[in-house]
Structure formats: C-alpha cells, structure tokens
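If you want the numbering used here, it's the 1-based position in the sequence shown plus 4. Positions of the beta carbon are idealized from the N, C-alpha and C atoms, including for glycine.
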Amino acid sequence: MKITIIGAGIIGVSSAYFLAKSGYEVEVIDRQDGPGLETSFANAGMLTPSMSDPWNSPGIMGTLISSLIGGHSSIILSPKILPSIVGWGLSFLNQSRQKYFYNNLHRSAELCCYSMKVLAKLNDDLDINYQGYKTGSMKVFRDQSAMDKLAKLSEQLKDHGMTYQVLKSKELLKLEPSLKGAEHRLCGGVYFPDDQAGNAYQFTCEMEVKARNLGVSFHYGVSVNKMIREGEKITKIITSEGEVNSNMFILCTGSYSMPLARTASLNIPVRPAKGYSLTIPINGWKSGPRMPLIDDGSHLAITPLGDTIRIAGAAEFSGYDRQIKKNRIGKLYDLLDEIYPQFGPYLERDKVKEWSGLRPLTPDGSPYIGRTPIKNLYLNTGHGPLGWTMAAGSAKMLSNIIDGKKTILNENNYCLNRH
Ligand SMILES: Cc1cc2nc3c(=O)[nH]c(=O)nc-3n(C[C@H](O)[C@H](O)[C@H](O)COP(=O)(O)OP(=O)(O)OC[C@H]3O[C@@H](n4cnc5c(N)ncnc54)[C@H](O)[C@@H]3O)c2cc1C
C-alpha cells in the first residue's frame, strides 16, 4: 500500500520513518528544498513534558484583552486577524475553563511522556546525533505568587511519573552557575530533572536519512495546492508538479493544515501562533549555561545547543505573517542580558541568526493524530508549542493506528472529533 505524507517537518519525517518500518511504501512531499525548514527549523530545542499545561489556562481572557488594548501581555493578538479566528478563538477560550484545562493538561502530558519513551528507544536503536542532552530544565521566577502557582500545577505532573524540585533563589546558582549576576532579579525556580533538550532540525535531518534508508522517497520543492475528494475518499492531490495518486494521504502540514484540508471540505481547527528565536554563537563563553531555562514572567526560553545559545519565545496571533518584528527580537536580547549578564562581552550581534516560526495550535493544546471522516485521509498535526517533545510518540502512535495495532495511549483522545 502506498502512503503519501504531505509535510517534511519533524512530524512528517518521524511519521515516514515509523510507517516505513512497518513495511509501507511511503513518499513525502514538501514545498521546501529539504526537511524541517519551517516551524521545526529553529525552535527552542526543549524536550519538556514539564510544560504540558496548555497556554489557555483559566484567566487567559484577561491576557488577551490586555493585548488588544495595548497592554503588556505574553500573548499578542493582532486585531486585524480577529474576524478570521472568531470560531477558533471562542473554542480556545472555552477550553480554558477549569474543567477542561486539567483534562487538556493530562492529555498533553500523557503524550509528551510517551514520546520521551519512544525517543529513548529510537536512541537505543539508531545512531542519531542531534546534540541531545539530559540535564533537566529550570523555570525561574521573579514573582513568588507565580512560582507558588506553578509548584501547585506541577503536582498534576506527578500522575505521569514526573518529578520536580522547588528552589530558593540561592539554590538556583548551585544548579546553574551561569545565572551569577541575575540572582537579585529572581525569587526562585522550579527544576524538572526529567526534561531534556536537543536540536529539532538536526533530529529531523537525521531521521530523514534513516527513513530514506528504509525506502522512503522525498520530493522537495513540490507544493500541494488541492486535495480532490470524491465522497469519503481523497482520489488524488494536485501539486505544483502535477497530480499524485495514492492509497492513503497523511497531513503533516503543521500550521498550514487548515487551508489544505479545507480544499477537501474538512475543518481542522489549527491556527498559527508566531514565535521568534535567536541563535547566538557562545563565542568562547566558558561558564555558559548547561540546561534549558524558562523565564516565567516573559515566557521566554534559553537553551544551550552545541556551540550556540538558542533564545526563543513570544506568541503572536497574526495569521500566516512570518515577518520578524524588531521589538520582539529586542525583548529576546533584553532577557538574555537580564538572565545571563556575564554573557555581554561575548555577544556579537552580527553573528546572531534571527528566525520566526508558526506553531500549529489547536484550541485544547493537543494534536490531532489518526483518522478523519475521509476514509483514506489521516492526520498528524497541531502540536503547538510542543511538537519536538511530542514528535516521536505522535509518529509511532499514528503508525500503530494505521497498522490496526492497539495503541499505548487511547487514540480517541487525540482524534479530530474528540469533543
Ligand atoms: C519559537 C518556537 C519555539 C518552539 N520551541 C519548542 C520547544 O522548545 N520544544 C518543542 O517541543 N516544540 C517547540 N516548538 C514547537 C515545534 O517547533 C512545532 O510544534 C513543530 O516544529 C511542528 O512540526 P510540524 O512538522 O508539524 O510542522 P513544520 O515543521 O512546519 O512542518 C510542516 C511542513 O509542511 C510543509 N507544507 C505545509 N503546507 C504544504 C503544502 N501545501 N504543500 C507542501 N508542503 C507543505 C511545510 O513546508 C513544512 O515543511 C516551538 C515553536 C516555535 C515557533
């Protein structure tokens, strides 16, 4: 049976690998010139089940209103795009209600934890180099009440076998000495020893080679413009290079899943949430950071990756616009200076790589994996801010669903019509 995967980001490539391993004939189509060149390219690199709590926690309404009236807000909503996200936005708000929030958190945590196990097995079975490391991650706080709130929320993660440690301000330095000079800003932190990190783009490229070795063919520079649906089947897709027939199609198109699915009259509630990153050469800074660090107040993350530091964050609802805004980039530099003041002399701004990417966000924060009402169309999309963390597990789960095998997690929790 021939399976055509649309999208060669971290999700599409990982799915191709597992399906080829199960014996299917797999091809992957992507409009870019190689794997992982869109949202999977320069993300924060964190493998953090500890961050399973969805963005739309109770109280998100206030954050959004503040953004609309021009106040300081971690989530930025562009008034221009309001009309195009009304339906999705209401659903996003609805899912922030207490009774849904915890359910959404546990669904997401379950997938993240499963995914880390699948990733560990991949590392055992394959020789993959993605600058991975297992130091744990640290969330730091400037505000005691925010820290107490997170410590309380982290109790929920224990259900999934995760542990955490609350740290006082002076204990932070013992775990992360490079914070020297920033202690006075921080009231403490929470350390998650099970978290990991690594370069998602490098992982995608390595897995692409592993998938090729299993016989997967990759077709780059090919845009899929339309899916042709007849009744309950996709009969073919129309691409920039002509028509493609297949027995089965899988959408791994990240933030672009909604417009493509719409050509087959299918609604997939995934919307883009723009984020930014800076990749900064460490430039000889010998006492640099050793683990990913998240600044709770600004919702920004700083991750050491090889001989660079990746600083990432911001959540901007502004449609598909990937323009890099100077004020957002400026905030990333400000944070770097506040958290790692010792790095100042080593920073060479002309060597910094700026990037923006669109997180594929669903209203409840978990991806859609598996069947659709169209019999030969499957999904693996909508991984939002956790696509690297969830990639291996989502791909393995999809392959099990297609194989008709029993999945470790309840597949109904990740299907398109779960609510
Ligand atoms: C700033 C930022 C920081 C992040 N940090 C983290 C982190 O630390 N940890 C974590 O777990 N996650 C993180 N994420 C999230 C993670 O990067 C994403 O969830 C993940 O990359 C999504 O992967 P994907 O394969 O679904 O999408 P993509 O990587 O975007 O892949 C989709 C592919 O589909 C192709 N495509 C789309 N439409 C078409 C079409 N019509 N025809 C042909 N090809 C098409 C695209 O070219 C693309 O290659 C972050 C994201 C951002 C933006």
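{"Query": "DSSP-derived helix/strand/coil call for M295", "Result": "coil"}
{"Query": "DSSP-derived helix/strand/coil call for A277", "Result": "strand"}
{"Query": "When F321, G388, T307 and S158 are compared against I14, the one with the closest alpha-carbon", "Result": "G388"}
{"Query": "Unbroken stretches of the beta strand (DSSP E), 3 residues or longer, contained in the stretch 175-221", "Result": "192-196"}
{"Query": "Pairwise C-alpha distance: A319 and K84", "Result": "16 Å"}
{"Query": "Cβ neighbour criterion (16 or more within 10 Å) applied to L86", "Result": "exposed"}
{"Query": "For L190 and L176, believed in contact at Cβ under 8 Å, the rounded distance", "Result": "6 Å"}
{"Query": "Cβ pair P349, P273 closer than 8 Å", "Result": "no"}
{"Query": "D311 vs P276 beta-carbon contact at 8 Å", "Result": "no"}
{"Query": "Stretch pair the stretch 37-50 + the stretch 197-209: three plus CB contacts closer than 8 Å", "Result": "yes"}
{"Query": "Backbone CA spacing between D129 and L123 [nearest angstrom]", "Result": "10 Å"}
{"Query": "Proximal residues to V356 (C-beta, below 6 Å), its chain only, five neighbours per side dropped", "Result": "L282 and I284"}
{"Query": "8 Å Cβ cutoff met for I33 and T239", "Result": "no"}
{"Query": "Short Cβ contact (8 Å threshold) for M211 with I132", "Result": "yes"}
{"Query": "Own chain, CB closer than 6 Å to P289, minus 5 neighbours either side, in chain order", "Result": "Here residue 289 is Trp; the residue named in the question, Pro, does not match the sequence. If we look at W289 and ignore the five residues flanking it on each side, its Cβ neighbours are F347 and Y350."}
{"Query": "Distance cut-off 7 Å: C256 Cβ against heavy atoms of ligand 1", "Result": "yes"}
{"Query": "Which residues DSSP lists as bridging I284, in chain order", "Result": "I313"}
{"Query": "Reduced DSSP category for H423 - H, G, I as helix; E, B as strand; rest coil", "Result": "coil"}
{"Query": "Endpoints, the beta strand (DSSP E) within which W359 is located", "Result": "K357 to L365"}
{"Query": "Proximity of E31 and S291 at Cβ, strictly below 8 Å", "Result": "no"}
{"Query": "S115 and L297 closer than 8 Å at C-beta", "Result": "Note on residue identity: the sequence assigns Leu, not Ser, to residue 115. Not in contact: L115 and L297 (Cβ atoms no closer than 8 Å)."}
{"Query": "Length of the line joining the Cα atoms of P308 and Q135", "Result": "10 Å"}
{"Query": "Beta-ladder partner(s) of F136, from DSSP", "Result": "Note that residue 136 is Gly in the sequence shown, not Phe. According to DSSP, G136 bridges with nothing at all."}
{"Query": "Simplified DSSP state of N107, which is helix, strand or coil", "Result": "helix"}
{"Query": "Cβ-based neighbour list, D37, same chain, cut-off 7 Å, excluding 5 preceding and 5 following", "Result": "Y224 and G225"}
{"Query": "Stretch pair the stretch 11-30 + the stretch 151-170: three plus CB contacts closer than 8 Å", "Result": "no"}
{"Query": "Q36 beta carbon near ligand 3 (any heavy atom closer than 7 Å)", "Result": "Ligands displayed in this structure: ligand 1; ligand 3 is not among them."}
{"Query": "The beta strand (DSSP E) enclosing T243, as first and last residue numbers", "Result": "K237 to T243"}
{"Query": "Residues bridged to F145 (per DSSP)", "Result": "G192"}
{"Query": "Neighbour flag for L336 against chain D, beta carbons, 8 Å", "Result": "Here chain D cannot be found, since the structure has a single protein chain."}
{"Query": "Paired residues, beta bridge with R233 - DSSP", "Result": "I238"}
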